[in-house]
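Number of protein chains: 4
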Amino acid sequence: MEAAHLFRSSLELHELTRLYRAVRQASGALSAPLSDADSTVQSMPDASPTKWHLAHTTWFFETMVLAPHLPGYRVFDETFNFLFNSYYEAVGERQPRPKRGMLTRPTLQTIYAYRERVDAAVERLLDGGPAPIVAELIELGCHHEQQHQELLLTDILHLFAQNPLRPAYKTPAPMLLESVPAASGYRSFEGGIIEIGHRGEGFAFDSEGPRHRVFAQSFRLADRLVTNKEWLDFMSDGGYRNPLLWLSEGWAKVRAEGWSMPLYWEEHGSTYSTMTFSGLQPVEPAAPVTHVSYYEADAFATWAGKRLPTEAEWEHAALDVSRTGNFVESGRWRPKPAASGGGLRQMFGDVWEWTRSAFLPYPGFRPVAGAVGEYNGKFMSGQFVLRGGSCVTPADHVRASYRNFFPPEARWQFSGVRLAEDA
Amino acid sequence: MEAAHLFRSSLELHELTRLYRAVRQASGALSAPLSDADSTVQSMPDASPTKWHLAHTTWFFETMVLAPHLPGYRVFDETFNFLFNSYYEAVGERQPRPKRGMLTRPTLQTIYAYRERVDAAVERLLDGGPAPIVAELIELGCHHEQQHQELLLTDILHLFAQNPLRPAYKTPAPMLLESVPAASGYRSFEGGIIEIGHRGEGFAFDSEGPRHRVFAQSFRLADRLVTNKEWLDFMSDGGYRNPLLWLSEGWAKVRAEGWSMPLYWEEHGSTYSTMTFSGLQPVEPAAPVTHVSYYEADAFATWAGKRLPTEAEWEHAALDVSRTGNFVESGRWRPKPAASGGGLRQMFGDVWEWTRSAFLPYPGFRPVAGAVGEYNGKFMSGQFVLRGGSCVTPADHVRASYRNFFPPEARWQFSGVRLAEDA
Amino acid sequence: MEAAHLFRSSLELHELTRLYRAVRQASGALSAPLSDADSTVQSMPDASPTKWHLAHTTWFFETMVLAPHLPGYRVFDETFNFLFNSYYEAVGERQPRPKRGMLTRPTLQTIYAYRERVDAAVERLLDGGPAPIVAELIELGCHHEQQHQELLLTDILHLFAQNPLRPAYKTPAPMLLESVPAASGYRSFEGGIIEIGHRGEGFAFDSEGPRHRVFAQSFRLADRLVTNKEWLDFMSDGGYRNPLLWLSEGWAKVRAEGWSMPLYWEEHGSTYSTMTFSGLQPVEPAAPVTHVSYYEADAFATWAGKRLPTEAEWEHAALDVSRTGNFVESGRWRPKPAASGGGLRQMFGDVWEWTRSAFLPYPGFRPVAGAVGEYNGKFMSGQFVLRGGSCVTPADHVRASYRNFFPPEARWQFSGVRLAEDA
Amino acid sequence: MEAAHLFRSSLELHELTRLYRAVRQASGALSAPLSDADSTVQSMPDASPTKWHLAHTTWFFETMVLAPHLPGYRVFDETFNFLFNSYYEAVGERQPRPKRGMLTRPTLQTIYAYRERVDAAVERLLDGGPAPIVAELIELGCHHEQQHQELLLTDILHLFAQNPLRPAYKTPAPMLLESVPAASGYRSFEGGIIEIGHRGEGFAFDSEGPRHRVFAQSFRLADRLVTNKEWLDFMSDGGYRNPLLWLSEGWAKVRAEGWSMPLYWEEHGSTYSTMTFSGLQPVEPAAPVTHVSYYEADAFATWAGKRLPTEAEWEHAALDVSRTGNFVESGRWRPKPAASGGGLRQMFGDVWEWTRSAFLPYPGFRPVAGAVGEYNGKFMSGQFVLRGGSCVTPADHVRASYRNFFPPEARWQFSGVRLAEDA
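Protein chains in written order, with the working numbering: chain E, 155 to 577; chain S, 155 to 577; chain W, 155 to 577; chain H, 155 to 577.
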């Protein structure tokens, strides 16, 4: 880790300490209902076990913060650098990603002990008044762990969905089975030179900057998300059977995988259910559709005579929008029908919104030196940007400039659709 | 299940009761050192989780014995028929084999409760003096469970071998690091008409019969198993690099998989270690080689100027041999160097011995009617026969007529080599 | 090539010369209707291009006969040893099998020139009165080329079947659309010690020997082949949908490949057509079914309450049968309905008959030393034996002891079914 | 085909006629040295046979122009719509792409006859003074065919490279084995609002428009292409072994495919050769590197401390550059060392230049209605844009706004690297 600044932190030390504790406790709370087995199994190569998420985020603090910056720190277990490194080539060899689920040992109990040991050491660092670069690394570690909290939930839902028992992670919250979605309209935005990218105050990931100018055409953005009801219309209009609506790669996927509805949906006679954290539940017509791929989002937009927004359009529109919404803290963990009324609704929370922008470097982007430089830049091919956060994102984790990304075929994350059109 | 006789049992009722209890307790003892996670993860499509073995063997009793033969019996859980059916097409749909490791629920505790419930019900049946066909089904279930005990150990070793920590299932027994294998010679057998196949007394699987005549040429059989020392000679003589020694499919496997030593071996400088139930341990020169495929066994025999025995030769030679040896009860769980002295040694226990016989029906073989008829007959393509049992086989499970089988590329079972030659 | 005898030839020199010329001319006649492109394309990894067959058989004479035994012989082209070696590891590296279809050069014309050059050289050897071992190698080369003649036709049919135009290799012969198959019965054979394997007079492949005794149970053999009509009954009775009829590996194949009828069959409303050398033609009810795998043959036999014969039974039964039948020379190139009347019909020609015997070494079998020793022995795993020859086999190529072999899933060869049962 | 304008043609009728004839004759000239077999074989799923290119481009005229617009036109062969449709879902089912190489029939001669027949009919249309929309479709067909001319050469090189004989398509031109590449410098460009996209005069593909404003940062562009010499430096500095230089997906490819040099390169001791249209030839140090993927181009740029240009930067820089260069008409068919001297060199011809821009729709882009609307839009995921044309591109086919695209792992096209950096 070089001394180069990652970003300029705006946190006071006591704020950082509070953030660290809150984030670390939240991870523990998420894993509490899970058994040793639940937390160990890997349901597909793209997903990771809960235990691995818990250990990897801890390894990040140990490797990036404690080992270089806490004098005399001894690592908890020498083998963990191999076991829990995700993809940092600079840090050495690691357990192959598709084999993360083979690690029945160390046990979940050992990982909890690992977390306690590292927490105690980080607290010592925080007590001692860490240097700015160290404070920034700790803050980075917190945001990193928040990302993994969302992945932990996303991945455990996928695992439970593979089980024919469709087990529930928790008891269901009462549903608002509104059958009529809120009315939908479009907000207009003037074109011209706009600025996007992180402003440089407070934390942001490297890929969110540099802030820069882009030229945007005038455009209009839907004031709420596409609903399950609208998706059912798309399905009953033959959306999954008409190749002319689809990108070529998308259509190949439809045929190879037999896609005919969003991931996790099941048809029972004339009704649809979907896998949730409360087990199998009815599809709510008024709620936003989720677990759709970029290919599906794009096909839907073509069918609707619209298009997906670009990430610049989205960010520009989001500037004046309050960063509130249906996040993980609500405990609902399913997207929620839009409130009635005007204005841009559901911009933050509920579901990540696919944009038609590929995840590429902003002008002037340079990864920071050292291992943390592998954070985002190396994924800048084959991915599309998603914006806004989801119902399993921590509320203080996202912002208008936040760039999430997934490959266009991915469906297991909470991803949905907001339409746009040229003005 | 038809009323047709499976075999003629020679067990008294109290003997059957004793067998049932012993077998069921043995399974519990094998799984005792394993965590919920250890017992849930599936390390490859050919292997099954411990929890699945424990549940499937119990489901066998429930489905084949209790449901049809214990009036008023209610199944423990309706979903288990789907979850724990292995391959019985007659009994309905089931969890796909490669997805057995997704079942983090039901938990190991629930499976233990399932076992207790079924045990109590079977005991009631036994108390009531079951009809002969029911007694035979219970006896079949015991032998079925013994097969799964061996698989459980075989599979758990494979799982632990995928873990870079190479965890130990149990603490190591002291090794007898004899570097000099016992002397090896050949026993001669006269050719002519011989009889093989189960005699019809006591239990046997359907594929072991009918007993029938075959004509055998005169032959000679090695009086002990091939050792690790001899295998090292094969390796250092380029055995894994010379295509002329190999069957065509075997050589394709050598190249595709990069085989250069038995499964689980690791080279460290000039020495070799191997994964065992006690973690990574030195390869013992005098002990029998194990975890080799049919292709390797055949290539070794070609290199040695010998051949593998046929199953008829092996069974004929085994007739006068005491059915004792290094079985699971010894707790060693590794093959053991041959004792010095003459006579056929290591015929039973230590390692399953590859024969050059394909697993095919004996003359007159007919599967029994009903679901248990799917037991062996449907696997009669693409497999070779192995004889004699291994160091993780229950001692009372094998006999001279016992036919085990694996595809020629399989290596994770305890399989080794005994050489033969024409007289 | 060692001086060891391959077999004891019973041919006079002038007979050998006549055989050589006839075989070589026959290959040319088979390829005459094919274009350069037809002869170059490879339709699947298991099939080879016509041009490759023509060159490989010539390379066999060049490499095994001319290079070692004709003083001063210079190879036609140094690169051909790489291009046209099939699988002889002893002779060096070669073009990978799945890439044989990449060889648009050398052209078909060059290969014809190659054949002429080699023919002239072999004729010189024959003129000079070759040593016995050389004569035997030439005879081996002739039988080798006959095998490839059958493969050439088998493979070109597969290629043409991939073409949506379903092109014809030749104009159709008039069909005998008999809708009523000849009556079928069973011939009985006494059990006891019988002898099988080549007697040692005339040519045979190494795997046909040594002649040896086996003990056979009494058995009965169907006196004609299974017909398309009977296969349609199997289909309409749900034969392809009932897992209980199938070997486990076979059922997996049925589901993975969607098998519901023999290879090359197409359903048009209520009738069936099949790809032939004359393009798409109606399925003849009375003709023997062909292009079925071992799995299908075995499932059919189970459905019919019968079984497949062993190769020993087949050979024993064939001893008194005249070696005549519907072979390639007839020009029909489709299996033909059985004649009416008693006795074993269709034992030779029409279709290769699946036996339930795995292709394994006979007692005492040893491959000959040198490259020709790779001829058969290395394929002795994963294959089943077929007997009797087909409608595209040269008439003088087969005999009662002839052992053809294919993996159980193969369907593109002319393979069919004769039923057997225990007496 | 709707009457909506595709583009506004600026060609007089006699110019269109001249273009049509020239393009059609050029295809014939390219295929003249190829045999029926050469023109039939498909070397990989991404490549198509020459015969297929010749037929498909003709089918395009028949289907899009003649069938709807020439009264009384009868198609040459009803089956060709199935055989030679590439991917137009609106036009119906088609031969699966990976099976294009199975079509040994129709023969190359038949395809030549097909071309003549269609040419005669198009000439009749041209004679009659076609309506503007028809003229535009014919012009589109010409540009479409030029694309396939480049693909034809690209694909035939790939086919010949699979042949161990490394056959030459034509005799080699004398090489200019200059070992010292021309000096390299950077040209600076001011940032600000710039315009890109086709201006609307003359032909362009739909994806080149609409012309629109973008905001560019100031940047600098290398004044020549990266050379083989520079690539060798990258290689000897461990470029293919250092994961930190690579995109994550790129590094996975390096390891899975064993990439260690550009496609077609072969190492012979200390020198390198490469497959060309004249067979295997020495790598020219001063010539531009080619046959590198996006991943390699990006890794090279990272290694060099630079980056790839965006497509907007490239197009902006190309505006004042003469559209001349090393194109297919030169007959060289290999990239050529840069001339010495200043100014942007090699912008057109030699090799397609990877940009860091994903192939995405321009603001306001809408595919035209009907089948030709499937031309570009459906490929707008998973691809990167390349600019400038190559040594096998027809000279009048490219322009500054031309957007070629390939997936980031593709290497068989003539693709190379021009570096850029922030100002």
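A virtual CB, placed ideally from N, CA and C, is assigned to each residue, including glycine.
- For L237/H, the C-beta contacts it makes with chain W under 7 Å involve P318, in order along the chain.
- For L540/W, there is no enclosing alpha helix (DSSP H); the enclosing beta strand (DSSP E) has its first and last residue at F538 to R541.
- The secondary-structure analysis by DSSP pairs V245/H with nothing; it has no beta-bridge partner.
- Contact residues of the segment 184 to 195 of chain S toward chain E are S189, D190, A191, D192, T194 and V195 (C-beta to C-beta distance below 7 Å).
- Within 8 Å of the CB of R251/S, no CB atom of chain E is found; the nearest one sits about 14 Å away.
- A Cβ of chain E is located within less than 8 Å of the beta carbon of L313/S.
- Within chain H, the residues placing a beta-carbon under 8 Å from that of M256/W are V195, S197, L313, Q316 and N317, ordered along the chain.
- In the DSSP assignment, L434/W falls outside any alpha helix (DSSP H) and lies within the beta strand (DSSP E) extending over G433 to P436.
- Residue I350/E holds the alpha-carbon nearest to the alpha-carbon of A471/E among W206/E, I350/E and P252/E.
- According to the DSSP secondary-structure assignment, A376/E is paired through a beta bridge with Y340/E.
- Residue contact check for T308/H against chain W: no CB pair falls below 8 Å.
- G282/W and L294/W have their alpha carbons spaced roughly 19 Å apart.
- Among the CB atoms of chain W, none fall inside 8 Å of the CB of R175/H.
- A direct Cα-Cα distance of roughly 24 Å separates A201/S from R510/S.
- When the beta-carbon positions are compared, T308/H and F568/H come within less than 8 Å of each other.
- Under the criterion of beta carbons closer than 8 Å, P491/S and A440/S qualify as touching, at roughly 4 Å.
- CA-to-CA, the gap between H302/E and Y268/S works out to about 36 Å.
- Among the CB atoms of chain W, none fall inside 8 Å of the CB of F454/S.
- Around the CB of A564/W, 16 or more other CB atoms lie within 10 Å, so the residue is classed as buried.
- For R259/E, the nearest CB of chain S lies under 8 Å from its own CB, placing it at the interface with that chain.
- For E421/H, the closest C-alpha among the options Y449/H, L386/H and T444/H is that of L386/H.
- Secondary structure note for N382/S: its alpha helix (DSSP H) is the uninterrupted segment N382 to S390.
- Within the same chain, L399 come within 6 Å of T456/E by CB-CB distance, once the 5 residues on both sides are set aside.
- In this structure, H210/S is the residue among E166/S, S197/S, H210/S and Q196/S with its C-alpha nearest to the C-alpha of R178/S.
- Close to chain H, meaning a Cβ-Cβ distance shorter than 7 Å, are the following residues of the segment 530 to 543 of chain E: K532, F533, M534, S535 and G536.
- Nearest CB-CB separation between P321/W and chain H: below the 8 Å threshold.
- Distance between R541/W and Q300/W, taken at the CA atoms: about 16 Å.
- Per DSSP, the continuous beta strand (DSSP E) segment holding G346/E begins and ends at G346 to I350.
- For T233/W, the chain H residues whose Cβ falls inside 9 Å of its Cβ are P318 and L319, in order along the chain.
- For A512/S, the enclosing beta strand (DSSP E) starts and ends at W506 to A512.
- No Cβ-Cβ contact shorter than 8 Å links V380/W with Y394/W.
- For N382/E, the CB contacts under 7 Å within the same chain, skipping 5 residues up- and downstream, are V437, E438, P439, A441 and V443 in chain order.
- With respect to chain S, the C-beta atom of H298/W has no partner C-beta closer than 8 Å.
- Counting along the chain, R178/S sits inside the alpha helix (DSSP H) bounded by residues L167 to S185.
- Three or more beta-carbon pairs drawn from the segment 464 to 482 of chain W and the segment 492 to 509 of chain W are found closer than 8 Å, and the two stretches are therefore classed as touching.
- Of L257/W, F533/W and D231/W, the smallest CA-CA separation from V272/W is found for D231/W.
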